[in-house]
Every structure is written in structure tokens, then in C-alpha cells.
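Notes for the one structure printed next.
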Amino acid sequence: MGACSSTGCGCEKGPPPTLNIEPGDAKGSSPRPLEVTGGSEKTPGGQTLSGGAVYEGQWRGEDKHGQGKLIFADGSMYEGQFDSDRKHGTGKYTYSNGSTYEGQWKMEVQDGHGVEKLVDGSVFEGQFKNGDKCGKGKFTWNTGGSYEGDFDANDMHGEGRYQWSDGRSYTGQWRRNHMGPSGSMQWTDGRCYEGQFRDGKKHGEGKLSWPDGRSYTGQWDSGRQHGVGIAVTAKGLSRKSQWEHGNFVCWLEEPPEVTGETAKT
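The sequence shown maps to residues 8 to 272 in my numbering.
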């Protein structure tokens, strides 16, 4: 007999969840950037600026230039380097809600390496470009889940690894916060899937393996066995089968002959 009965595959406990902008168990926060508010009004020599902002620091002519601290009317604050009246160099921005960004700046926006700490406890450390998370980085959610790898325009995009707080993990390619087109999914019970994904689900060609030696290698559709596949038992016996939307349809070949050595395993 194969790994599954004619009533369907009872050994597969469902596909991994689709990873949207808040993947897995990451509730209440996401890799989206925080918006930097406020501006740089030109008031040479004074501390209180138009709009209620207060500046303490160095000037060059009419421009804030060098080291300084700018406190905005909404309570947000930037402390760090200025160049020609713009945030530029290294500095720390504290948002009015308590979240912070500390790192490199380029002409008023986060650019380079930085650390963003959200008020809910989630943390991102990595590369920014033009104010967006872009390049290598790690986002750790306050629930314990984490993603480490490539970012593009604030999305998980490229190559990376997502670790759920319950121990599950996915390593492979990402397209705009979705697993795929190919990668490897590991479960804490020892199961492993290697193959193609689409929209965060097993889709295309792939192999699902169980720790006792069973496996299914073949076609998948939206997280379920669909099409033709090879089922292998724990004793190593294999048989081609037909599946439809996760349900077993029929065997496509006769059962393999059981040899004496196979029968002993």
C-alpha cells in the first residue's frame, strides 16, 4: 500500500499559511515604514521656529548644519547630524507614539543602515534606501516570529528565512511578502516540503516528506495534492497515484512486488 488510502491523504495536516504583509503569527505590526513628520524651517540664530518646532544645535549661515536636536510640535524629535538644513548623516528620530529609528540619513530620509523599534516591541535592523526597507535586514515581531533576508520597497522580496514562534520555518525565495516561487518548509514534527510555491502555498512540483520515511513527490495546487504523484511508504515501496484537490482518486500502476528484504524492513 502507498502512504495514503483511497479516502484521501490523512497524513498531511494542511498547507502552511499564506504570508501576507503580516505573516504567520505577526499580528499588529508589519515591515511597513514609519513616516517622518515635520520639516526644517530656516530661522538663523533662534531656537523656537515657525510651527512650534524648537531647534538646539549648530548652524551654518541660515541653515541647521552639524550636530543638533529638532523637537516638533507633535512631540516627535530628531537628534543627530544636519547638512544644509536637512537631516543627513547619523541620527535618531523619536516618533510621537514612542517608536524610534536610529541610523543613517540622506537628505531628510532614512538611507543606509538603521534600527527601527516600534512601540509594540517589534524591531527591524538592516538597510534602508530612500526611506524604505531595502536590501538585507531582519524584522522581529513582538510575537516572536522573525524574517531575515532580502527586502525591497518594504516587502519581503528575494531570498530569506521566516521563523514562526512555534518553531516552523521557511527558507527560500520570496515575492512581495509571499513564499515562492521555490523554497523549503520545515515543521516541528519533522515534516519537510521542498519545491514550488505560489501565493504562499505549495503549488507546482514538490516533495513532502515525513520523519518515518514516507513521502509524496508530484504535483500540487493551492496547497493540496493535485495531479500525478509518487507515494512512498515507510518501507520504501513506491506507487504512482492520481489526486484531485487533495483527495486520492486512483492508483496509476500495480502495487510493487514485495521482496524478502523489503518485507523485513
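Every residue gets a Cβ at the ideal spot worked out from N, C-alpha and C, and that includes glycine.
Practice item. Could you tell me the distance, in whole angstroms, from the CA atom of Pro188 to the CA atom of Lys209? Key: Those two C-alpha atoms are separated by around 9 angstroms.
**Study point:** Cβ-based burial, Thr195 [other Cβ within 10 Å; buried from 16]
**Key:** Classification for Thr195: exposed.
Exercise for review: Provide the residue(s) that pair with Glu123 in DSSP beta bridges, ordered along the chain.
Suggested key: Checking the DSSP bridge columns, you'll see Glu123 partnered with Tyr108, Phe131.
Review point. If you follow the beta strand (DSSP E) that Lys242 is part of, which residue opens it and which one closes it?
Key: Note, Lys242: premise wrong, no beta strand (DSSP E); not H, not E.
Check your understanding: Which residues does DSSP pair with Cys257 in a beta bridge?
Key -> Gln249
Review point. DSSP on Gly152, reduced to helix/strand/coil?
Key: coil
Exercise for review: From the DSSP output, in three-state form, read off Gly59 for me.
Suggested key: helix
Point to revise | CA-to-CA distance, Gly179 to Thr107, given in whole angstroms | key: 30 angstroms
Review point. Closest by CA to Ser129, which one among Gly105, Val116, Lys247?
Key: The option with the nearest alpha carbon to Ser129 is Gly105.
Practice item. Measure from the alpha carbon of Phe255 to the alpha carbon of each residue in Tyr223, Gly243, Leu244, Gly110, then state which is nearest. Key: Tyr223
Review point. What is the residue span of the beta strand (DSSP E) that Gly144 lies within?
Key: 139-147
Check your understanding: Whose C-beta lies closer than 7 angstroms to the C-beta of Lys49 among residues of the same chain, with five residues either side of it excluded?
Key -> The pLDDT assigned to Lys49 is 45, lower than 50, so where the model puts this residue is not dependable, and the model offers no usable value.
Check your understanding: Gln134: which of Val126, Asp127, Gly144 sits nearest, CA to CA?
Key -> The option with the nearest alpha carbon to Gln134 is Gly144.
Review point. If you count every other CB in all the chains shown that lies within 10 Å of the CB of Arg231, and 16 or more means buried, which is it?
Key: buried
**Study point:** Coarse secondary structure for Trp171, derived from DSSP in three states
**Key:** coil
**Study point:** Close Cβ partners of Ser297 (< 7 angstroms) along its chain, the five nearest in sequence each way excluded
**Key:** The structure shown does not extend to residue 297, since the chain is modelled only from 8 through 272, so no value can be given for it.
Exercise for review: With distances taken Cα to Cα, identify the nearest neighbour of Tyr233 among Ser245, Glu109, Gly225.
Suggested key: Checking the sequence shown, residue 233 turns out to be His, not Tyr. Comparing Cα positions, the closest option is Gly225.
Practice item. Could you tell me the distance, in whole angstroms, from the CA atom of Asp127 to the CA atom of Gly82? Key: Rounded to whole angstroms, Asp127 to Gly82 spans 18 angstroms at the Cα level.
Check your understanding: Sorted by chain position, which residues of the same chain lie with C-beta nearer than 8 angstroms to Gln65's C-beta, five sequence neighbours on each side aside?
Key -> Lys71, His72, Gly73, Gln74, Gly75, Phe89
Check your understanding: Taking 9 angstroms as the CB-CB limit, is Gly138 close to chain C?
Key -> Any reference to chain C falls outside this structure, which holds one protein chain only.
Practice item. Determine the DSSP secondary structure at Thr178, reduced to helix, strand or coil. Key: strand
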